[in-house]
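Some notes on the structure that comes next.
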Amino acid sequence: MHRGLGQTGVVGQLKLGRGTRRLGLRADMDALPIHETTGLPYASKVPGKMHACGHDGHTAMLLAAAQHLAREKCFDGTLNLIFQPAEEGLAGARKMLEDGLFEKFPCDAVFAMHNMPGFPTGKFGFLPGSFMASSDTVIITVTGRGGHGAPHKAVDPVVVCAQIVLALQSIVSRNIAPLDMAIITVGAIHAGDAPNVIPETAEMRLSVRTLRPEVRDHLQERITAVAYGQAAVYGARAKVDYQRRYPVLVNDVEMTHLARQVALDWLGEDGVIPDMQPLTGSEDFAFLLERCPGSYLIIGNGDGEGGCMVHNPGYDFNDACLATGAAYWVRLAETFLV
Ligand code: NI
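This note's numbering numbers the first residue of the sequence shown as 473 and each following residue consecutively.
Written as structure tokens, this is what we have:
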């Protein structure tokens, strides 16, 4: 067992036989700054922190699979069990890579599983190619000239921000191909304190998502140009801090086919979610897939009434998935490591 990759990451290794194949299975471990309201007997005991994304369930499934595989010894090769911290926005996967994850634990393929409310309990979802969106944050600071009541002597950054918000709407509608997905959300605008003062600066915060790396680059180019251009029109200046956070998650076609076949051989068509579509959430496992072929799959958390989405204070990981998810990992390992 190796500790300390990405600060609190843990990698466990199981080696058997003479096989040269190396498989990586990743479970995320982190919680969220949300106060749990489920009232369940096993609810979080830490105020303001809960496993609202089910990462504790992912960790439990991989540990259970590891225990079974270590005991039954039905594979031949090297299994790397990757327990990753800080998936929720802090890019723990990238930190583990920077700390030498694949140099210390080389993998021929790497897989991860995430529970997903809204899909039938214990059914698996697979999609080759782009599966989850990139997620970037953009901070635009507009600097004008502050002033008092005489507006013609000032440059009002609030008016400039308003024009930028409207101009941004034209990017998705006019610059992106209709069949490509792109999201530009202005989630925050901050400026000024008083009704009778034109502020010197205004700040906008954007969330930008897409499903293709090329579209991601194009959005960055257009958003930057719109901010600079609109500011210039009104005699203000814009500064654009474009923070590329999580890349598009692209599943390897061959590895996704293999992962799906494992589920089909075990459970038949009934165990697999039909017509899986891409998701607009993002996931730092995308960094691992940039370096190693593999696939990210989902396991349904239940589609009944009253089921909560992840990141909701009422969310509850469906324990009925534990055995199914663990058994899937065992089958995948035994299929890959031969
Ligand atoms: Ni999650």
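In this text, a Cβ means the ideal position worked out from N, Cα and C, and glycines have one as well.
In the three-state reduction of the DSSP assignment, residue 599 falls in the coil class, being assigned neither a helical nor a strand state. Shortest gap from the CB of residue 624 to any heavy atom of the ligand NI: 7 Å or more. Considering only 562, 686, 543, the residue with the shortest C-alpha distance to residue 757 is 562. Annotation for residue 715: the continuous beta strand (DSSP E) segment containing it runs 709–718. When distances are taken from the beta-carbon of residue 523 to the heavy atoms of the ligand NI, even the shortest one reaches 7 Å or more.
In the three-state DSSP reduction, residue 622 falls in the coil class, being neither helix nor strand.
In this structure, the C-beta of residue 559 approaches the ligand NI to less than 7 Å from one of its heavy atoms. Scanning its chain for C-beta atoms nearer than 7 Å, with the 5 sequence neighbours on each side dropped, one finds around residue 541 the residues 486, 547, 551, 802, 805, in chain order. DSSP places residue 689 in the uninterrupted alpha helix (DSSP H) bounded by 685–705. Between the ligand NI and the CB of residue 756, the shortest heavy atom gap is not smaller than 7 Å.
Under the DSSP assignment, residue 805 falls in the alpha helix (DSSP H) whose first and last residues are 792–808. In its chain, beyond the 5 residues on either side, 527, 557, 558, 559, 560 have a beta carbon closer than 6 Å to the beta carbon of residue 502.
Between the ligand NI and residue 500, a heavy atom-to-CB distance of less than 7 Å is present.
Burial check for residue 606: the Cβ neighbour count within 10 Å reaches 16 or more, so the residue is buried.
In this structure residue 619 touches residue 670 by the C-beta definition: roughly 5 Å separates them, less than 8 Å. Residue 598 is positioned such that its CB atom lies closer than 8 Å to that of residue 728.
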